[in-house]
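A.B. asks:
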Amino acid sequence: LDQWVYVGDSTNDQVMFENFTHSVGVANIKRFENELKHLPKYIASRERGAGFSEVASALLSLQI
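Numbers in my numbering are just positions in the sequence shown, counted from 1, shifted up by 71.
Below is the structure:
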């Protein structure tokens with residue numbers, strides 16, 4: 072699991088946030104912080120699809 076990144080945006084993603092080494096919540100996850108026992112390791116600055124695009128762009132910029 073340490074080779075994968077999980078991106079989520081809701082309370083139903085918390086199991087994945089807990090189990091993936093690299094977990095990301097897009098910005099709208101902040102609305103649910105009080106309901107989550109397991110938060111993502113990182114929260115993108117943008118919401119929804121734009122947040123996913125932010126994560127994808129960051130990962131692609133790391134390619135050699």
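Here a beta-carbon is modelled for each residue, glycine too, at the ideal position from N, C-alpha and C.
Buried or exposed for Ser94, going by 16 or more other Cβ atoms inside 10 Å?
C.D. replies: In the sequence shown, residue 94 corresponds to position 23, counting from 1. Flag for Ser94 reads buried.
A.B. asks: Might you give, ordered along the chain, the residues of its own chain that have their beta carbon closer than 7 Å to the beta carbon of Gln85, omitting 5 neighbours on each side?
C.D. replies: Translated into positions along the sequence shown, residue 85 becomes position 14. Leu107, Lys108 and His109.
A.B. asks: Out of Asp73, Leu72, Gly120 and Leu131, point me to the one whose CA is closest to Val97's CA.
C.D. replies: The residue labelled residue 97 in the question sits at position 26 within the sequence shown. The shortest C-alpha separation from Val97 is found at Gly120.
A.B. asks: Spatial neighbours of Met87 within its chain, please: C-beta separation below 7 Å, excluding the five flanking residues on both sides.
C.D. replies: Numbered from its first residue, the sequence shown carries residue 87 at position 16. Cβ neighbours of Met87 beyond the five flanking positions: Tyr77, Gly79 and Ser94.
A.B. asks: For Phe103 and Leu72, which I take to be in contact (beta-carbon distance under 8 Å), what is that distance rounded to the nearest angstrom?
C.D. replies: Your numbering for residue 103 matches position 32 in the sequence shown. Your numbering for residue 72 matches position 1 in the sequence shown. Actually they are not in contact, since the Cβ atoms of Phe103 and Leu72 sit about 23 Å apart, beyond 8 Å.
A.B. asks: Output the distance between the C-alpha atoms of Ser132 and Glu125, rounded to the nearest integer angstrom.
C.D. replies: Locating residue 132 in the sequence shown gives position 61, where the first residue counts as 1. Locating residue 125 in the sequence shown gives position 54, where the first residue counts as 1. Whole-angstrom Cα-Cα distance: 11 Å.
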